[in-house]
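Residue numbers (the working numbering): 275 to 671.
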């Protein structure tokens with residue numbers, strides 16, 4: 275069978291339990307229903323490698339490397355080569371050999387790269403093969419923001435990363451047949467910066483499995499203390515910064531009006547700074563949990579107080595799908611098709627404390643907003659509808 279696809283992933287998309295793996299998993303599954311797919315990419319541990327093998331029934335082949343390169347080594351390589359650390363961190367001769375072998379042996383017609391780090395494995399001479407690059411978001415802008423807000427050597431490192439990564443992203447975008455982004459806002463930013471047209475840079479929104487993320491089966495406990503919930507990967511700097519500021523600055527203002535309220539930080543790999551927050555009154559740090567849905571269902575309000583965010587926040591969509599009222603910062607709201615005041619509340623700084631307090635004081639209003647949020651997710655964010663345009667972009671329609 276001709277028309278096979280090579281899918282390059284910086285993180286093998288299984289289990290689909292975090293933002294980047296959720297999007298790539300649904301894309302991979304969709305493409306595997308259309309054509310034979312060869313998946314190549316990285317995992318972080320032997321346990322990840324074992325779990326990734328559950329993808330085998332849907333694939334033509336699976337090629338995995340455990341990423342063991344240290345940050346120090348990646349940084350030194352990047353300095354010597356004059357390239358972004360993000361790219362050096364995912365450099366691998368073994369993956370390159372796998373790519374070359376597959377291209378030589380299999381009728382690969384489409385190369386799909388997920389996340390900018392994987393574009394380095396697309397050969398200069400594609401021999402007529404189609405190359406689709408899913409950047410997801412404009413990652414260089416995140417480092418540029420860190421550089422602007424920071425001081426000292428780390429700020430210099432982030433400014434360097436932002437500058438070099440932007441140049442790299444722009445060159446890949448001009449080289450690819452189509453570049454994808456998770457929202458129109460991200461796509462428009464990249465088009466303007468790289469000087470590319472809307473035919474070459476497209477938005478492909480995330481979806482949400484609203485049948486899995488559904489409030490049914492997770493009844494709320496009557497009479498329990500009010501609880502605010504934040505979900506996310508807790509060694510990811512924007513999440514760490516968000517919960518630290520919220521726990522130390524925003525949450526005390528909420529507790530002044532609602533003393534019994536709890537704040538639960540739910541997510542794997544909490545850093546020492548996050549674990550330290552558990553010493554604060556009424557703050558809970560769970561670490562990894564087998565299922566975030568019971569925590570979302572128990573939330574009186576789900577908060578997303580991110581100051582730096584790129585693309586679309588799956589944590590917000592998941593909470594909306596679970597019919598929970600959400601209070602999100604402007605950065606966390608960007609890219610989400612919803613109406614502030616109807617489907618969620620968008621607030622910043624001290625306004626966020628007031629918004630959360632309002633929801634706690636008016637539970638009927640909060641419940642109505644949660645129901646409206648779930649309906650918006652059902653209407654707008656079904657995965658099948660989101661991925662309907664992908665076949666044409668890849669030339670396999």
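No residue lacks a Cβ here, since even glycine has one placed at the ideal position from N, Cα and C.
Mind listing, in chain order, the continuous beta strand (DSSP E) runs of no fewer than 3 residues lying wholly within the segment 508 to 561? Correct list: 536 to 540, 557 to 561.
If you pair each beta-carbon of the segment 457 to 470 with each one of the segment 369 to 384, do three or more pairs fall below 8 Å? As far as the Cβ criterion goes, the segment 457 to 470 does not touch the segment 369 to 384, which means the pair count is below three.
Backbone secondary structure at residue 385 - three-state DSSP: It is a strand residue.
Assuming residue 568 and residue 535 form a contact by the criterion Cβ under 8 Å, report the distance between their Cβ atoms to the nearest whole angstrom. The pair is not a contact, with the Cβ atoms about 18 Å apart (cut-off 8 Å).
Just grab the DSSP bridge partners of residue 311 for me. In DSSP, residue 311 forms a bridge with 279.
Does the Cβ-Cβ distance between residue 418 and residue 436 come in under 7 Å? With contacts defined as CB atoms closer than 7 Å, residue 418 and residue 436 qualify as a contacting pair.
Which word fits residue 650, buried or exposed, when buried means at least 16 other C-beta atoms lie within 10 angstroms of its C-beta? By the neighbour-count criterion, in which a residue is buried when 16 or more other Cβ atoms sit within 10 angstroms of its Cβ, residue 650 is buried.
Compare the beta carbon distance of residue 446 and residue 410 with 7 Å and say whether it is the shorter of the two. Cβ distance not < 7 Å, so residue 446 and residue 410 don't count as in contact.
Just curious, the alpha helix (DSSP H) that residue 635 is in, first and last residue? Per DSSP, the unbroken alpha helix (DSSP H) holding residue 635 starts and ends at 624 to 635.
Can you tell me whether residue 394 is buried or exposed? The criterion is at least 16 other CB atoms within 10 Å of its CB, across all chains shown. Here residue 394 is buried: its Cβ has 16 or more other Cβ atoms, across all protein chains shown, within 10 Å.
Which of the three DSSP states, helix, strand or coil, is assigned to residue 617? Residue 617 carries a coil assignment under DSSP once its states are collapsed to helix, strand and coil.
is_contact[residue 453, chain D] using C-beta, thresh 7 Å: The chain inventory of the structure shown lacks chain D, comprising one protein chain alone.
Residues that residue 574 bridges to, as DSSP identifies them: Looking at the DSSP assignment, residue 574 forms no beta bridge with any residue, so it has no partner.
Own chain residues within Cβ distance below 8 Å of residue 545, not counting five before or after: If we look at residue 545 and ignore the five residues flanking it on each side, its Cβ neighbours are 508, 509, 514.
Cutting at 6 Å between CB atoms, please list the residues of its own chain near residue 404, excluding the five before and the five after it. Around residue 404: 384, 451, 669.
Inter-stretch contact (C-beta, 8 Å, three-pair minimum) for the segment 301 to 313 and the segment 328 to 335: They touch, by the three-pair rule.
Helix, strand or coil: which one does DSSP assign to residue 476? Strand at residue 476.
Own chain residues within Cβ distance below 8 Å of residue 581, not counting five before or after: Only 512, 515, 516, 519, 603, 605 meet the Cβ criterion.
Helix, strand or coil at residue 404 according to DSSP, with G and I counted as helix: It is a strand residue.
Please name the residue, chosen from 502, 278, 431, 486, that lies closest to residue 386 on a Cα-to-Cα basis. The candidate whose alpha carbon is nearest that of residue 386 is 278.
Throw me the rounded Cβ distance for the residue 478 and residue 663 pair, which I believe falls under 8 Å. About 7 Å; that satisfies the 8 Å criterion.
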